[in-house]
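Under the working numbering, think of the first position of the sequence shown as 1319, with each following residue one higher. For glycine and all other residues, C-beta sits at the position ideal for the given N, C-alpha and C. Treat the numbers as computed from the prediction; the structure is a model and nothing was measured. A short write-up of the structure that comes next.
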Amino acid sequence: MITREELIYLHQVKGIGWKTIKQLIESPYEREEWKHWNPDRLSSNLQISSKMSQLLLNQDFNDHKLLEEQYDHLGIKVITIWDDFYPDLLKEINQPPWVLYAIGNDELLQKEKIAVVGTRKATPYGKDIAKKLGQYLTKHDVVVVSGMAIGIDTEAHLGALMENGKTIAVLGCGINVIYPSANRHVYQKISKVGLILSEYPPGWQPAKGMFPQRNRIISGLSRGVVVVEAAAKSGSLITADLAIDQNREVFAIPGPLLSPQSVGPHQLINQGAKIVTHFQDIVQHHSFYPDGGMSDTEHQDILTEEEKKLLNVIPYHPISIDHLVSDFGTVQKIYPVLLSLEMKGKIVKYPGSFYSRT
């Protein structure tokens, strides 16, 4: 067995993987015993390879108790699987991370969470949906989890940040490594009001294989995963598969029939994923409403006078925003009303700023 401090130390040593740490955790021998053994005896008693035994014996554990203090000085909190703050849902998955590194509001780990994922090559339609979904979930006190990749991930995070910042970005690299670099502003915003999370220690650069590994955490943290847009072969579909293995709900948002980015969600729907026709489908499915609170259906029925007036002239077939502007003033005036109606599930927006009543 190893101590919490030794776990944190070993976790940041490159070459020591998940299975080796599992062997050390389950071993009846403490480090004070095996540090005096030769590689062959260590290999035999701990049931690890000779190469791994030599790597362990080469480690200098003298400063392992100072390591967490160094991270704390960098503003990084270390959460091990033995800590009370470690998310219960994450413990349920296959190969839960032994250690998590966090920057920001770690209280979000204890709140209800939904993952929103999708392609990096998002269409305007997909970006619009992801951002509005991020807003909607945050308004309903649900934390938005995603991977901070360009495209759908970024828009979902930004949508949450437009409300009160309840979003978690799970990185596929070191906790203090900003990747992609173009998302520096997103990283900085999330670290201030949301949460940056990674199983990779500070300084670890992104590499092949780290992102698929990261995806199991995105789905594992969450009650469900929403796929907004994804091509036929997409990392988002890997996340959806992981969610199924983890007994999480998978939701898919349908898109334009001929769009390559609609193939993934439509494929998931054919395989049994829950189709999202209104954002409330996601929230109501998980009963996120507090006892005695107003249901989302009741919220949908509350319209302002402006919303009622505009809704009355929107037909059940798509109509251009230009036709609506001619009767209701400027785009700047009408757009917030359209957005509110869409969030309440009364209208649907199509590419090119067309709208129809639901």
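Original post:
If D1570 sits next to V1594, beta carbons under 8 Å apart, how far is it from one beta carbon to the other, in whole angstroms?
Top reply: Counting from one through the sequence shown, the residue named residue 1570 turns up at place 252. Counting from one through the sequence shown, the residue named residue 1594 turns up at place 276. In the sequence as presented, Asp is not what sits at residue 1570; that position holds Ala. Contact flag correct, Cβ pair sits at about 7 Å.
**OP:** Out of T1472, I1637 and N1376, point me to the one whose CA is closest to K1332's CA.
**Re:** In the sequence shown, residue 1332 corresponds to position 14, counting from 1. Checking every option, the nearest Cα to that of K1332 belongs to N1376.
Original post:
Tell me which same chain residues have a C-beta within less than 6 Å of the C-beta of K1445, skipping the five on either side of it?
Top reply: Reading the sequence shown from its first residue, position 127 is the one you call residue 1445. Taken in chain order, the residues that qualify are E1473.
Original post:
Taking the alpha carbon of E1348 as the point to measure from, which residue in D1358, E1387, K1369 and R1322 has its own alpha carbon closest?
Top reply: Here the question's residue 1348 lines up with position 30 in the sequence shown. That would be R1322, whose Cα lies nearest to the Cα of E1348.
Subject >> Delimiting residues of the beta strand (DSSP E) encompassing Y1668 >> reply: Along the sequence shown, one-based indexing puts residue 1668 at 350. First-last of the beta strand (DSSP E) with Y1668: I1665 to Y1668.
Original post:
Terminal residues of the continuous beta strand (DSSP E) containing V1631?
Top reply: Along the sequence shown, read from residue 1 onward, the residue named residue 1631 stands at position 313. Going by DSSP, V1631 is part of no beta strand (DSSP E) at all; its letter is neither H nor E.
Original post:
Ordered along the chain, which non-local residues of its own chain (more than five positions away) have a Cβ less than 6 Å from that of G1452?
Top reply: Counting from one through the sequence shown, the residue named residue 1452 turns up at place 134. Closer than 6 Å at Cβ, skipping near neighbours: V1462, A1474, G1477 and A1478.
Original post:
Is the stretch 1570-1586 in contact with the stretch 1647-1665, if contact means three or more CB pairs nearer than 8 Å?
Top reply: With a cut-off of 8 Å on Cβ pairs, the stretch 1570-1586 is not in contact with the stretch 1647-1665, counting fewer than three such pairs.
**OP:** Report the rounded CA-to-CA distance for Y1454 versus G1573, giving the unit in angstroms.
**Re:** By 1-based counting over the sequence shown, the position of residue 1454 is 136. By 1-based counting over the sequence shown, the position of residue 1573 is 255. If I take the Cα positions, the gap works out to 19 Å.
Subject >> Rounded separation between P1346 and R1534 - CA only >> reply: Translated into positions along the sequence shown, residue 1346 becomes position 28. Translated into positions along the sequence shown, residue 1534 becomes position 216. Going by the C-alpha atoms only, they are around 29 Å apart.
Original post:
For E1567, which residues from the same chain have a beta carbon less than 8 Å from its beta carbon, with the 5 sequence-adjacent residues on both sides left out?
Top reply: Mapped onto the sequence shown, residue 1567 falls at position 249. For E1567, same chain residues with a beta-carbon under 8 Å away, outside a window of 5 residues either side, are R1541, G1542, V1543, A1561, K1592, H1603 and H1604 in chain order.
Subject >> Q1618 versus I1486 - alpha carbon distance >> reply: Numbered from its first residue, the sequence shown carries residue 1618 at position 300. Numbered from its first residue, the sequence shown carries residue 1486 at position 168. Unreliable placement is indicated for Q1618, whose pLDDT of 48 sits below 50; the coordinate value is still reported in the next sentence. Per the coordinates, the alpha-carbon of Q1618 lies some 27 Å from the alpha-carbon of I1486.
Subject >> Own chain, CB closer than 8 Å to K1664, minus 5 neighbours either side, in chain order >> reply: Here residue 1664 refers to the residue found at position 346 of the sequence shown. Closer than 8 Å at Cβ, skipping near neighbours: Q1618, L1621, E1625, L1629, R1675 and T1676.
Original post:
Since Y1434 is in the beta strand (DSSP E), which residue starts that stretch and which ends it?
Top reply: In the sequence shown, the residue the question calls residue 1434 occupies position 116. The amino acid occupying residue 1434 in the given sequence is Val; Tyr does not appear at that position. Start and end: K1431 to V1435.
Original post:
Taking DSSP as the reference, what is the three-state secondary structure of T1398?
Top reply: The residue you call residue 1398 lines up with position 80 of the sequence shown. In the structure shown, T1398 sits in a strand (DSSP, three-state: E or B).
Original post:
If you count every other CB in all the chains shown that lies within 10 Å of the CB of L1392, and 16 or more means buried, which is it?
Top reply: Translated into the one-based positions of the sequence shown, residue 1392 becomes position 74. So L1392 counts as exposed.
Original post:
What are the partner residues of E1567, as DSSP defines its beta bridges?
Top reply: The residue labelled residue 1567 in the question sits at position 249 within the sequence shown. Answer is G1542, bridged to E1567.
Original post:
Would you report the Cα separation of P1464 and L1489, rounded to the nearest angstrom?
Top reply: Within the sequence shown, residue 1464 is the residue found at index 146, counting from 1. Within the sequence shown, residue 1489 is the residue found at index 171, counting from 1. Before going further, note that residue 1464 is Ser rather than Pro in the sequence given. Rounded to whole angstroms, S1464 to L1489 spans 9 Å at the Cα level.
**OP:** For the alpha helix (DSSP H) containing V1581, list its first residue and its last residue.
**Re:** Reading the sequence shown from its first residue, position 263 is the one you call residue 1581. Here the alpha helix (DSSP H) through V1581 covers V1581 to N1588.
Subject >> Spatial distance of P1608 from S1361 (CA atoms) >> reply: The count along the sequence shown starts at 1 and reaches residue 1608 at position 290. The count along the sequence shown starts at 1 and reaches residue 1361 at position 43. Because P1608 sits at a pLDDT of 44, beneath the cut-off of 50, its placement in the model cannot be relied upon, and the point is left open.
Original post:
Helix, strand or coil: which one does DSSP assign to R1438?
Top reply: What you label residue 1438 is simply residue 120 of the sequence shown in a count that begins at 1. In the structure shown, R1438 sits in coil (DSSP, three-state: anything other than H, G, I, E or B).
**OP:** Just grab the DSSP bridge partners of S1554 for me.
**Re:** Within the sequence shown, residue 1554 is the residue found at index 236, counting from 1. According to DSSP, S1554 bridges with nothing at all.
Original post:
Which class does Y1505 belong to by DSSP, given the choice of helix, strand or coil?
Top reply: As a working mapping, residue 1505 is identified with position 187 in the sequence shown. Three-state result, Y1505: helix.
Subject >> Local conformation of Q1598 per DSSP, three classes >> reply: One-based indexing of the sequence shown puts residue 1598 at position 280. In the three-state scheme derived from DSSP, where H, G and I count as helix and E and B as strand, Q1598 is classed as helix.
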